[in-house]
Amino acid sequence: MAPSQEKASTKTDSSSSRVKSASHLGILINLLLLFLVIGVFYPSLQNGFVAFDDNVYVYENSQVRSGLTWGGVQWAFSTLDVGGLWHPLTWLSLMLDCELFGLQPGGHHLTGLLLHAINTVLLFVALRRLTSATWRSAVVAALFAVHPLHVETVAWISDRKDALGALFFMLSLIMYSRYVQVSGNVARTSEATGFQPRTTAWRPMTSGCYWLVIFFFTCGLLSKPTVMILPAILLLLDCWPLQRLESAGQGMRFEAIRLLIVEKLPLLAVGLFCALIGIYGQKKFGMLQTTAQFPLVDRIPNSVISCFQYLVQMFWPAGLAAYYPYPRSFPILPQAGMAVAELAMSLVVLKAFWRRPYLAIGWFWYLVALFPVIGLVQIGSYARADRYTYLPLIGVFLLLAWGAYDLTKRWRFQTFILSVVAGIAILSCAVLARQQLAVWQNSETLFRHAVESVPENYVAHNNLGNALVRGGRLVEAKGHFLAALKIHPAFGAAHYNLANILTGEGDLAGALTHYNTAVESQPDYADARYNLGIILTKLGKPGDAVVQFREAARLKPNFVEAHHSLGGALVQLGRTAEGIVELIEAVRLKPDFAHARNDLGIALALSRNPSGAETNFAALTRLEPLNADAHYNLANSLSEQGKFKAAASEYAEVLRLNPQDQNARNKLQKLQPETSP
Numbered sequence: 065m066a067p068s069q070e071k072a073s074t075k076t077d078s079s080s081s082r083v084k085s086a087s088h089l090g091i092l093i094n095l096l097l098l099f100l101v102i103g104v105f106y107p108s109l110q111n112g113f114v115a116f117d118d119n120v121y122v123y124e125n126s127q128v129r130s131g132l133t134w135g136g137v138q139w140a141f142s143t144l145d146v147g148g149l150w151h152p153l154t155w156l157s158l159m160l161d162c163e164l165f166g167l168q169p170g171g172h173h174l175t176g177l178l179l180h181a182i183n184t185v186l187l188f189v190a191l192r193r194l195t196s197a198t199w200r201s202a203v204v205a206a207l208f209a210v211h212p213l214h215v216e217t218v219a220w221i222s223d224r225k226d227a228l229g230a231l232f233f234m235l236s237l238i239m240y241s242r243y244v245q246v247s248g249n250v251a252r253t254s255e256a257t258g259f260q261p262r263t264t265a266w267r268p269m270t271s272g273c274y275w276l277v278i279f280f281f282t283c284g285l286l287s288k289p290t291v292m293i294l295p296a297i298l299l300l301l302d303c304w305p306l307q308r309l310e311s312a313g314q315g316m317r318f319e320a321i322r323l324l325i326v327e328k329l330p331l332l333a334v335g336l337f338c339a340l341i342g343i344y345g346q347k348k349f350g351m352l353q354t355t356a357q358f359p360l361v362d363r364i365p366n367s368v369i370s371c372f373q374y375l376v377q378m379f380w381p382a383g384l385a386a387y388y389p390y391p392r393s394f395p396i397l398p399q400a401g402m403a404v405a406e407l408a409m410s411l412v413v414l415k416a417f418w419r420r421p422y423l424a425i426g427w428f429w430y431l432v433a434l435f436p437v438i439g440l441v442q443i444g445s446y447a448r449a450d451r452y453t454y455l456p457l458i459g460v461f462l463l464l465a466w467g468a469y470d471l472t473k474r475w476r477f478q479t480f481i482l483s484v485v486a487g488i489a490i491l492s493c494a495v496l497a498r499q500q501l502a503v504w505q506n507s508e509t510l511f512r513h514a515v516e517s518v519p520e521n522y523v524a525h526n527n528l529g530n531a532l533v534r535g536g537r538l539v540e541a542k543g544h545f546l547a548a549l550k551i552h553p554a555f556g557a558a559h560y561n562l563a564n565i566l567t568g569e570g571d572l573a574g575a576l577t578h579y580n581t582a583v584e585s586q587p588d589y590a591d592a593r594y595n596l597g598i599i600l601t602k603l604g605k606p607g608d609a610v611v612q613f614r615e616a617a618r619l620k621p622n623f624v625e626a627h628h629s630l631g632g633a634l635v636q637l638g639r640t641a642e643g644i645v646e647l648i649e650a651v652r653l654k655p656d657f658a659h660a661r662n663d664l665g666i667a668l669a670l671s672r673n674p675s676g677a678e679t680n681f682a683a684l685t686r687l688e689p690l691n692a693d694a695h696y697n698l699a700n701s702l703s704e705q706g707k708f709k710a711a712a713s714e715y716a717e718v719l720r721l722n723p724q725d726q727n728a729r730n731k732l733q734k735l736q737p738e739t740s741p
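Using this note's numbering, count along the sequence shown one by one with no gaps and you end on 741.
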């Protein structure tokens, strides 16, 4: 072999060995990250459901509980009924859990844990592909894996949407890095990326990898609409570490920027479409707050404070809670100081961009990813939420990892020092995450912790009260409802829950007062209107009750009990025809609603419709075979139609179930001449 050939062979072998070594290292780090996530979060498998949206998302949602069905799939892609949100893939994920695990919460928690573990590995893979910096990428992924602020997304079944959306976000990043590499849009080999492009030309978007980016992005949007940040994040990555603008000379810089933006237009179009659906749904169902409820003069300072608080809790994760109430006031000096600090940080990283681009990219990743949930468009009554940091904090972790490496690159023992610091940070986060995980054990532990962690947390008091009610501890629960009202006197939910306890105690006058206050403070509170109608009925005011039942049914068209009670009240008022319409609707919505079947049968009998009465009483006897009254009423409707033999059979069944029923005995005896041969 010629010397030149031997050299080439040696170089090829060396290169192949390095690639194999890097591949083995990547696999090892992936395994370590998986073990890290499982080691910290496996106790979540023992946690239960929490009464904080888990009811509407899973265990009280008939569509989800039924598992994967064709009807369920159609519902998932069409419904906006839960909070006005459109996230069909999240629904399908929860349906799959019910298909596999039923209503065993451990199975649902297992899916959340696995999604977080996969997201951690995918984040490492994405950053490593983008930057070729193995250990810094691993540190970012490890911090993402175990930071206490991310416990909420892992431990809360109802936050499946964040974990699932992040999965497709990470896959989009990986495919985008592949797209840039194979499409030749990087004009030179970059030390930051290590890419080997095939051509220096800007090529049209014909790459299969690009269409996979669009596909995964769309899946992310169908999991959670806030994944719409992806196009902006990709533009940041174009600047660093992909350095796609480096290919253009000074005169071509603006043309290059234009091309990069045009490249993102398909993503922007898909994102805009999903955003409009989300805004429509949340506005329709009252989740999109108006400026009258949350004025801009409050939203802007709350956004500034939240942005700062997330950073504080990233470094010092204390006082975490499932709910942070909106501040009553915004002191000017603290918010001004926070705004100045955030602005100063933005200016500093921009000034340092050409020397240390990762600072700007990390910082603006944080701001961009936080923007949809920062509160300028206010959804619900949260001031902020831990789950909102799931994607944004990646930017800060990136800034810190690359910044620490850059800061210490001239230090002796750099590797040792950084390893120790990173190890301490990761271990500390892991310990705190495990502690925070215990908070999510059940509804009581969750909201008791929130009450203790956040002063004047009226929502936590209310939800803790609900948890105590379910445990039968009504006196303690009542105290928490009163505490919530002391903090927020117009809080409709606390008035409603307190009224429920007073109703159980027989204090109908007190219950009436609190139900009225709940409705006044929250006019669209359908459940409060329904219970107010029940109290008015008990107090002998069916006319007033009709008003409340009708409004409850209007607010929640599928509110079966409201239609049923409205029908009953109308019949009581002598408006039988109107009442029958409402009772028919109740039965249509819930065919196995025995009470509604009975009342509809009685109303039809009163309106001289024995055939209709027969249909409903017959259905009732199938639902409740041991219900003697149902058999008696069925017999009456049959007898009225001249079906004497069938009627006699039903009267006989009544006597079998209740031998002391003299009315049934008398009527059976009267039918004997009609039924004898």
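Built from N, CA and C at the ideal position, the CB exists for glycine as well.
Top-ranked residue by Cα proximity to residue i, from the options
i      : options                           : result
ALA206 : LEU100, GLN110 and THR290         : LEU100
SER287 : VAL326, ASN727 and PHE233         : PHE233
LEU491 : LEU463, GLY90, LEU721 and ALA209  : ALA209
PHE372 : SER247, GLN399, LEU360 and GLY597 : GLN399
ILE458 : LEU191, HIS151 and GLN168         : LEU191
ASN673 : ALA683, PRO655, ILE644 and LEU684 : ILE644
PRO395 : PHE379, VAL361, TYR374 and THR270 : VAL361
TRP155 : TYR121, GLY176 and LEU177         : TYR121
TYR422 : LEU194, GLN377, GLU615 and LEU653 : LEU194
LEU149 : LEU340, ASN691 and ALA403         : LEU340
GLY166 : VAL146, PHE113, TRP134 and HIS151 : PHE113
GLU163 : LEU414, SER126 and TYR594         : SER126
GLN442 : GLY487, LEU471 and PRO389         : PRO389
SER370 : ALA386, LEU299, ALA710 and TYR452 : TYR452
Collapsed DSSP secondary structure at residue i in the structure displayed
i      : result
ILE102 : helix
LEU298 : helix
LEU721 : helix
GLN373 : helix
ASN680 : helix
SER287 : coil
PRO268 : Below a pLDDT of 50, predicted positions are generally treated as unreliable, and PRO268, at 46, falls in that range; the measurement from the model is reported next regardless. Looking at PRO268 - three-state DSSP - the assignment turns out to be coil, as it is neither helix nor strand.
HIS211 : coil
THR601 : helix
GLY90  : helix
SER254 : With a pLDDT of 41 at SER254, under the threshold of 50, the modelled position of this residue cannot be trusted; read the value that follows with caution. The answer is coil: DSSP assigns SER254 none of H, G, I, E or B.
ILE364 : helix
ARG419 : coil
TRP475 : coil
ASN673 : coil
GLU163 : helix
PRO169 : helix
ALA403 : helix
LEU306 : coil
GLY148 : coil
PRO745 : This structure cannot speak to residue 745, because the chain is shown only from 65 to 741.
LEU132 : coil
Beta-bridge pairing of residue i - partner residues as DSSP gives them
i      : result
PRO389 : TYR446
Start and end residues, alpha helix (DSSP H) containing residue i
i      : result
VAL539 : 538-551
ASN697 : 692-704
GLN770 : Since the first residue of the chain shown is 65 and the last is 741, residue 770 is not available in this structure.
VAL215 : 215-219
LYS225 : 224-247
GLN586 : First-last for GLN586: undefined, no H or E at that position.
GLU642 : 640-653
VAL128 : 126-129
GLN612 : 606-619
TYR344 : 317-348
Any non-hydrogen atom of the ligand SAM within 7 Å of residue i CB
i     : result
ASN94 : Annotation note on the ligand SAM: not contained in the displayed structure, which lists no ligands.
With three or more beta-carbon pairs closer than 8 Å as the criterion, would you say the segment 224-244 touches the segment 481-490? no
Is the segment 452-470 touching the segment 426-438, taking contact as three or more C-beta pairs under 8 Å? yes
Count the CB pairs spanning the segment 657-669 and the segment 689-708 that are closer than 8 Å, and state whether there are at least three. yes
Could you say if the segment 631-640 and the segment 589-607 meet the contact criterion of at least three C-beta pairs nearer than 8 Å? yes
Touch check for the segment 170-185 and the segment 407-421: three-plus C-beta pairs under 8 Å? no
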